[in-house]
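Notes to accompany the following structure.
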Amino acid sequence: MIQFYNLYRQDKDTHKKILSGIKKILKNGDFIMGKQKNIFEKNFAKFVGSKFAVGCGNGTDAITIALKSLKLPKNSEVIIPAMTYCSTAFSVINAGLKPILCDIESNSPLIDINEIKKKINNKTKVIIPVHLYGSVVNINKIRNLIRSTKKKIYIIDDCAQAHGAYCSKSSKKVGSLSDISCFSFYPGKNLGAYGDAGIVTTNNEKIYININKIANLGSDKKYIHDLVGLNSRLDTIQSLILNLKLPKVNKLNKKRVKIAKSYHLHINNKKIFKLKYTIGAVYHQYVIIVRNRKNFINYLTKKRIGYGFHYPYPINKLHSLRPFFRGQNYKYAEFLANNGISIPIDPNLSVKEIMYIIDSLNKY
Ligand SMILES: Cc1ncc(COP(=O)(O)O)c(C=O)c1O
Numbered sequence: 008m009i010q011f012y013n014l015y016r017q018d019k020d021t022h023k024k025i026l027s028g029i030k031k032i033l034k035n036g037d038f039i040m041g042k043q044k045n046i047f048e049k050n051f052a053k054f055v056g057s058k059f060a061v062g063c064g065n066g067t068d069a070i071t072i073a074l075k076s077l078k079l080p081k082n083s084e085v086i087i088p089a090m091t092y093c094s095t096a097f098s099v100i101n102a103g104l105k106p107i108l109c110d111i112e113s114n115s116p117l118i119d120i121n122e123i124k125k126k127i128n129n130k131t132k133v134i135i136p137v138h139l140y141g142s143v144v145n146i147n148k149i150r151n152l153i154r155s156t157k158k159k160i161y162i163i164d165d166c167a168q169a170h171g172a173y174c175s176k177s178s179k180k181v182g183s184l185s186d187i188s189c190f191s192f193y194p195g196k197n198l199g200a201y202g203d204a205g206i207v208t209t210n211n212e213k214i215y216i217n218i219n220k221i222a223n224l225g226s227d228k229k230y231i232h233d234l235v236g237l238n239s240r241l242d243t244i245q246s247l248i249l250n251l252k253l254p255k256v257n258k259l260n261k262k263r264v265k266i267a268k269s270y271h272l273h274i275n276n277k278k279i280f281k282l283k284y285t286i287g288a289v290y291h292q293y294v295i296i297v298r299n300r301k302n303f304i305n306y307l308t309k310k311r312i313g314y315g316f317h318y319p320y321p322i323n324k325l326h327s328l329r330p331f332f333r334g335q336n337y338k339y340a341e342f343l344a345n346n347g348i349s350i351p352i353d354p355n356l357s358v359k360e361i362m363y364i365i366d367s368l369n370k371y
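Residue numbers for the sequence shown follow our numbering, beginning at 8 and rising by one.
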């Protein structure tokens, strides 16, 4: 059986260091706001090339905290792609703002910037591009679009699937491209903790000060709560794990890129359509489009190849969100949701396993 993802195999070489590090934390007892959190925030800011980073509880909170830090009027509009994980939309609603959907491109998983233009009005205050599957949205193009409208609109990018990805033009890393950037360290991400964890990065000191407080119950001094915040702190043990795993991310991403290149070059079956990824992509998922997905899934099961869906419902079709988007359709997001399937892109797949996947797909 080729597993969809095997985290144990990926981290085996680091387990010893993690366990001895946890032992030290057990002795120190600095479980909340401990030394490792500070160290990780500095390390991660350096990794992405941003001035500031604030750890938090998870990627969903990271977006909520980023939005709250801007102190926008209630019901301000926030443009998000119709194809993303539910969290992008939930964070907007939980921050008291209104999500406005925008379709994705026809041949890629990324928001269609030409569509964004049609959605901007006087209530628009934020655009949240999502670097879905680790492919990188052209933030510069969105910035130029905003400039042309002469409006004050912030860009908060959802980087949950794009640790280490970069903009092909400037070579700057995701996490340093927008006003605020939000990451998840859910275990299966390109950089994953051993539980829930997230981080927010920014170059703006004022925004940083707000974010720092909001993630810690509105406080940066004991007993002083200036803002109504969340209890969403990156805990010390997760910080330690992330500190030990961060130096491995680029190497693992390179392996993902190599596998993706093999798929791209060698899968050549007319029944399988390959999505376009950007040059600086880190292939969090490798998603293909197939006709008659049910049949294809039966075939993968027979061949003992793991698979996943990212995601089977576009935002407008999620049960909880249907009332927000009644009567709205997003052609390409819906097409991807109905026909997309994620095949294994675990960085530690062996050459034999990769060849088996390619061969099986070509014989479908
Ligand atoms: C695109 C995207 N946004 C946001 C999130 C939310 O992250 P978390 O699960 O850490 O809350 C995820 C991860 O699941 C994601 O993939």
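All residues carry an ideal CB built from backbone N, CA and C; glycine is no exception.
Those residues which DSSP pairs with residue i across a bridge
| i | result |
| --- | --- |
| residue 164 | 188 |
| residue 72 | Residue 72 pairs with nothing; no bridge assigned. |
| residue 221 | Paired residue(s): none; residue 221 is not in a bridge. |
| residue 60 | 208 |
Whole-Å CB distance - residue i paired with residue j, under 8 Å assumed
| i | j | result |
| --- | --- | --- |
| residue 177 | residue 55 | With 8 Å as the limit, residue 177 and residue 55 do not qualify as a contact, their Cβ atoms being about 13 Å apart. |
| residue 153 | residue 274 | That belief does not hold up - the Cβ atoms of residue 153 and residue 274 are roughly 38 Å apart, past 8 Å. |
| residue 205 | residue 64 | 6 Å |
| residue 189 | residue 163 | 6 Å |
Three-state secondary structure (DSSP) of residue i
| i | result |
| --- | --- |
| residue 181 | coil |
| residue 122 | helix |
| residue 109 | strand |
| residue 256 | helix |
| residue 261 | helix |
| residue 280 | strand |
Alpha carbon of residue i to alpha carbon of residue j, nearest angstrom
| i | j | result |
| --- | --- | --- |
| residue 159 | residue 91 | 25 Å |
| residue 226 | residue 58 | 21 Å |
| residue 320 | residue 333 | 15 Å |
| residue 24 | residue 251 | 8 Å |
| residue 198 | residue 244 | 15 Å |
| residue 48 | residue 306 | 44 Å |
| residue 143 | residue 347 | 19 Å |
| residue 117 | residue 103 | 25 Å |
| residue 147 | residue 124 | 14 Å |
| residue 247 | residue 208 | 19 Å |
| residue 293 | residue 213 | 38 Å |
| residue 62 | residue 139 | 21 Å |
Residue i: CB within 7 Å of a non-hydrogen atom of ligand 1
| i | result |
| --- | --- |
| residue 139 | yes |
| residue 285 | no |
| residue 335 | no |
| residue 320 | no |
| residue 205 | yes |
| residue 191 | yes |
| residue 208 | no |
| residue 92 | yes |
| residue 372 | Here the chain comprises residues numbered 8 to 371, so residue 372 is not present and cannot be evaluated. |
| residue 164 | no |
| residue 288 | no |
Residue i: CB within 7 Å of a non-hydrogen atom of ligand 3
| i | result |
| --- | --- |
| residue 131 | Looking for ligand 3 in the displayed structure turns up nothing; the ligands present are ligand 1. |
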